[in-house]
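Structure record follows, encoded as structure tokens.
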Amino acid sequence: MHLFSFLKSVKTEMHRVVWPTAKENRRDTSIVISLTIFFVIFFALIDWIIQHGMLAFVK
Numbered sequence: 001m002h003l004f005s006f007l008k009s010v011k012t013e014m015h016r017v018v019w020p021t022a023k024e025n026r027r028d029t030s031i032v033i034s035l036t037i038f039f040v041i042f043f044a045l046i047d048w049i050i051q052h053g054m055l056a057f058v059k
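Here the sequence shown is numbered in my numbering, starting from 1 and rising by one per residue.
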């Protein structure tokens, strides 16, 4: 019996949710992709600098 009560409350809550529009989804997705690319490049550059610094230090 508790399961049906739970599912009814889930349905009620799902109707209260304010879902983002397609425009908001595109904007947020482009922000996430842009930041991901930025941080990949940033950390690759830091890794390259550290790697070459360590190689110069060892030689």
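Just so you know, even glycine gets a beta-carbon here, dropped at the ideal spot from N, CA and C.
As the structure is a computational prediction, the values presented were derived from the model and not from experiment.
- Judged by DSSP secondary structure, K11 falls within the alpha helix (DSSP H) whose first and last residues are H2 to R16.
- K23: member of the alpha helix (DSSP H) spanning A22 to V58, first to last residue.
- Only residues of its own chain outside the window of five on either side were considered, and among them none has a CB closer than 6 Å to the CB of F43.
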